[in-house]
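Take a look at the structure set out below.
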Amino acid sequence: MDWDELASSVLAGKKITEQEAMNILNCPDIEILALLNAAYTIRHHYYGNKVKLNMIINTKSGFCSENCGYCSQSRDSSAPIQKYRMMDKDSIIEGAERAHKLNSGTYCIVASGRGPTTRELNEVTSAVLEIKNKYNLTVCACLGILKPGQAEQLKDAGVDRYNHNINTSENHHEQITTSHTYQDRVNTVNEAKRVGISPCSGVIVGMKESKLDVIQMANALRELDADSIPVNFLHAIDGTALEGTDELTPLYCLKVLALFRFINPTKEIRISGGREVNLRSLQPFGLFAANSIFIGDYLTTDGQEGTKDHQMLKDLGFEVDYETSEMPI
315 MDWDELASSV
325 LAGKKITEQE
335 AMNILNCPDI
345 EILALLNAAY
355 TIRHHYYGNK
365 VKLNMIINTK
375 SGFCSENCGY
385 CSQSRDSSAP
395 IQKYRMMDKD
405 SIIEGAERAH
415 KLNSGTYCIV
425 ASGRGPTTRE
435 LNEVTSAVLE
445 IKNKYNLTVC
455 ACLGILKPGQ
465 AEQLKDAGVD
475 RYNHNINTSE
485 NHHEQITTSH
495 TYQDRVNTVN
505 EAKRVGISPC
515 SGVIVGMKES
525 KLDVIQMANA
535 LRELDADSIP
545 VNFLHAIDGT
555 ALEGTDELTP
565 LYCLKVLALF
575 RFINPTKEIR
585 ISGGREVNLR
595 SLQPFGLFAA
605 NSIFIGDYLT
615 TDGQEGTKDH
625 QMLKDLGFEV
635 DYETSEMPI
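Residues in the sequence shown are numbered from 315 upward in steps of one, following the working numbering.
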């Protein structure tokens, strides 16, 4: 395929076909640089050489009633993780200070569980009110399925973005979890959009899905009009249902990132969990398709040292994007 021609058609407003999407995932390894160069043409058009930095705080670990097969915090998981109830307001604010010191533009407040209780939501929103007064941070909340009125409370507190990942395709969903539906996840993303919170929704690749599933994920997020799309690569944890799963190669991960850029050209594509163990030495190449990364640790797994991430960006000639809340036109 002529990857540059395909990129030009995307910039002209064309939606790529399913066959073109499959061609991206089946790109011969020898053409990976040409594919990434074409993806970079799209990325640069909307984001230049800027990279958004995001930091997560896991404010509540474990004790989850859901049975998601990838998750060490699931009710079915026997993974030896640290478990604790919801952090207090001061601890959440301290996390924001760490994010600020790491030059992160987005601070992601994450909690395990099906959805937040009234007490948990009050703890988060009271912390957000102070964080927004102290730091120039985009605040993203990821608290599970929202009940009526909770999105409004988050919006009133100053939450800029709400994350609720679709994780996989609708067809593959029941192979990953049965304790909630795919539509439950879509409904929560739409609830955030309804009250004026920027929607963030992404995927986990490498959970025994087909390439067609991956294409359907990218297209579903286009239909949802998610502003930010975290692309996670499965880091299989012992004690979870997906223990021992190891389907990914660094080159395939790069093709997946290119696919998401071609299908969602204007959106923030974030290389998220599992980048260190799956992209390995090819991590820097991912940023020619994506324009955002997490720095620091993830929920129950370690990330790359923040100083190494900053050095990687410097070596690539990329700039940290300090514009925290603006989306491209």
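Note that CB positions come from ideal geometry on N, CA and C, so glycine has one too.
None of these values were measured; they are calculated from a predicted model.
Inset, instruction - Using 10 angstroms around the beta-carbon of Gln530, count the other beta-carbons present and answer buried if the total reaches 16, otherwise exposed. - result: Residue 530 sits at position 216 when you count from the first residue of the sequence shown. With 16 or more Cβ atoms within 10 Å of its Cβ, Gln530 is classed as buried.
Inset, instruction - Would you mind sorting Ser379 into buried or exposed? The rule is 16 or more other CB atoms within 10 Å of its CB. - result: Counting from one through the sequence shown, the residue named residue 379 turns up at place 65. Looking at its Cβ environment, which holds fewer than 16 other Cβ atoms inside 10 Å, Ser379 is exposed.
Inset, instruction - Only counting runs of 3 or more residues, tell me where the beta strand (DSSP E) segments fall wholly within the region 412–488, in order along the chain. - result: The region 412–488 contains, as complete beta strand (DSSP E) runs of 3+ residues, the segments 420–425, 452–456, 475–477 (chain order).
Legend entry - Separation of Thr373 from Pro430, as counted between CA atoms: If you number the sequence shown from 1, residue 430 lands on position 116. If you number the sequence shown from 1, residue 373 lands on position 59. Rounded to the nearest angstrom, the two C-alpha atoms are 11 Å apart.
Legend entry - Backbone CA spacing between Glu345 and Leu339 [nearest angstrom]: If you number the sequence shown from 1, residue 345 lands on position 31. If you number the sequence shown from 1, residue 339 lands on position 25. Their Cα atoms are separated by approximately 12 Å.
Inset, instruction - Could you name the residues that DSSP lists as bridge partners for Val519? - result: The count along the sequence shown starts at 1 and reaches residue 519 at position 205. Val519 pairs with Phe547.
Inset, instruction - Would you list the residues sitting across from Asn372 in a DSSP beta bridge? - result: The residue you call residue 372 lines up with position 58 of the sequence shown. DSSP output for Asn372 lists Val424 as bridge partner(s).
Legend entry - Start and end residues, beta strand (DSSP E) containing Phe599: Residue numbering aside, residue 599 sits at position 285 when the sequence shown is read from its first letter. Unbroken run through Phe599 is the alpha helix (DSSP H), 597–600; no beta strand (DSSP E).
Inset, instruction - Report the rounded CA-to-CA distance for Ala455 versus Thr439, giving the unit in angstroms. - result: As a working note, residue 455 is residue 141 in the sequence shown. As a working note, residue 439 is residue 125 in the sequence shown. One C-alpha to the other measures close to 10 Å.
Legend entry - Reference Glu488, options Asp527, Leu630, Asn363, closest by Cα: Here the question's residue 488 lines up with position 174 in the sequence shown. Of Asp527, Leu630, Asn363, the residue nearest in Cα terms is Asp527.
Legend entry - Distance CB(Val591)-CB(Ala540) smaller than 8 Å: Translated into the one-based positions of the sequence shown, residue 591 becomes position 277. Translated into the one-based positions of the sequence shown, residue 540 becomes position 226. Contact: no.
Inset, instruction - State buried or exposed for Pro544, treating a residue as buried only when at least 16 other CB atoms are found within 10 Å of its CB. - result: Here residue 544 refers to the residue found at position 230 when the sequence shown is read from its first residue. So Pro544 ends up on the buried side.
Inset, instruction - Would you please state the rounded distance, in angstroms, between the beta carbons of Glu523 and Thr482? I believe it to be under 8 Å. - result: Taking the sequence shown and counting its residues from 1, one reaches residue 523 at position 209. Taking the sequence shown and counting its residues from 1, one reaches residue 482 at position 168. Contact flag correct, Cβ pair sits at about 6 Å.
Inset, instruction - Taking Arg499 and His478 to be in contact with their CB atoms under 8 Å, please state how far apart those CB atoms are, rounded to whole angstroms. - result: Position 185 of the sequence shown, counting from 1, holds the residue named residue 499. Position 164 of the sequence shown, counting from 1, holds the residue named residue 478. About 6 Å separates the beta carbons of Arg499 and His478, which is inside the 8 Å limit, making them a contact pair.
Legend entry - For Phe632, the three-state DSSP class (helix, strand or coil): As a first step, residue 632 is located in the sequence shown; it is residue number 318 there, counting from the start. Looking at Phe632 - three-state DSSP - the assignment turns out to be coil, as it is neither helix nor strand.
Inset, instruction - Please say whether Gly600 and Leu593 have beta carbons closer to each other than 8 Å? - result: Along the sequence shown, read from residue 1 onward, the residue named residue 593 stands at position 279. Along the sequence shown, read from residue 1 onward, the residue named residue 600 stands at position 286. The answer is yes: Cβ separation under 8 Å.
Legend entry - Beta-carbon gap between Ile607 and Val365 smaller than 8 Å: Position 293 of the sequence shown, counted from the start, is the residue given in the question as residue 607. Position 51 of the sequence shown, counted from the start, is the residue given in the question as residue 365. Yes.
Inset, instruction - Go to Arg584, then tell me how far its beta strand (DSSP E) extends in each direction, as first and last residue. - result: Mapped onto the sequence shown, residue 584 falls at position 270. Arg584: member of the beta strand (DSSP E) spanning 582–585, first to last residue.
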